[in-house]
Amino acid sequence: MPAIHLSPEEISAHQHISRGEKLEWLNDMKLDLELQNRRGIVDPDRFDRLSASIEHAIARVTQQVSDRRRRRYRTEGTVPEHLSHI
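Residue 1291 in this note's numbering is what sits at position 25 of the sequence shown, and the numbering runs on without skipping anything.
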């Protein structure tokens, strides 16, 4: 992960970072936070807040992809059967 300090919300909303990079950054943040928690070097309240923020950002990135797929298939008028649930 580059030495850019962005919040999980900023990462998920960033326009010039690919979906894969966003998810990679967010997962790296999550792992780092979990390691800090195991070592006892992060305040439990801060851990809870950041964990929730990271999970929300991951859900947002995932939802952005689903929304794009829905729009694309509606525009094309064809929805593959395995994606009919989206």
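Built from N, CA and C at the ideal position, the CB exists for glycine as well.
- How far does the alpha helix (DSSP H) with ASP1309 in it reach, from first residue to last? Neither: ASP1309 is in no alpha helix (DSSP H) and is coded neither H nor E.
- Item | Residue nearest to LEU1353 in terms of C-alpha spacing, selected from HIS1280, SER1273, THR1328 and ILE1320 | The requested residue 1353 does not occur in the structure, where the chain is confined to residues 1267 to 1352.
- Message: Since SER1278 and ALA1323 should fall inside the 8 Å C-beta cutoff, what is the C-beta to C-beta distance between them, to a whole number of angstroms?
- Response: Taking C-beta atoms under 8 Å as the contact rule, SER1278 and ALA1323 qualify, at a distance of about 4 Å.
- Query: What is the DSSP secondary structure of GLN1281, counted as helix, strand or coil?
  - Reply: coil
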